[in-house]
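Trainee:
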Amino acid sequence: MKRLLIILLCGTALTACTSSLKKENEALREEIDERREALREKQQSELADAREQLALTDSLLTEAQREHDALHEWVMSHSTQLNERSPEVQRLNELRARRDSLHVAFETWAHKVKFFLRQTEGNADAEDDADADVDSAGDDAADAAETEKSERE
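Count along the sequence shown from 1, then add 87; that gives the number in my numbering.
#1: Is it buried or exposed, HIS159, if we count other Cβ atoms within 10 angstroms and call 16 or more buried?
#2: Below 8 Å between beta carbons: does that hold for THR207 and LEU141?
#3: When the Cα atoms are used, what is the spatial distance from PHE193 to LEU148?
#4: For a minimum of 3 consecutive residues, which ranges assigned as the beta strand (DSSP E) are wholly contained in the stretch 96-176?
#5: How many Å lie between GLU181 and HIS190 at the Cα?
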């Protein structure tokens with residue numbers, strides 16, 4: 088009688104532990120899913136911000152390039168009358184520096200956008216692969232068994 092009671096108590100404790108572990112596991116999976124979704128939203132937000140900055144930098148670069156080209160043409164046509172201390176030449180040098188810095192900023196934002204796109208595509212591919220791995224675990228075992236059988240023959 089005592090043994091039966093002990094066995095029943097052990098069985099009840101084991102069942103309780105198993106169900107609590109399942110609940111904890113489900114809670115952890117939900118938390119992981121929430122964090123993945125938050126990460127996706129953050130990445131999309133950063134991508135949108137980077138695209139906005141890229142567009143802004145592109146428009147500023149276009150304007151600076153246009154202004155630089157116009158002044159450069161004027162300075163070149165009057166080069167015999169100007170020296171390196173002339174205000175026009177100094178302004179041209181300032182525009183060149185601004186154009187170059189905007190070009191560097193444009194390239195930086197373009198690389199950031201490419202990085203964010205690769206990262207978001209990589210995360211989507213990794214999640215798809217993980218889901219596919221879980222779904223095809225049984226299929227892989229069956230394929231491995233068939234491969235071994237065909238190799239033996």
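Each residue gets a CB set at the ideal place from its N, CA and C atoms; glycine is no exception.
Mentor: Reading off the structure:
#1: exposed
#2: no
#3: 8 Å
#4: none
#5: 14 Å
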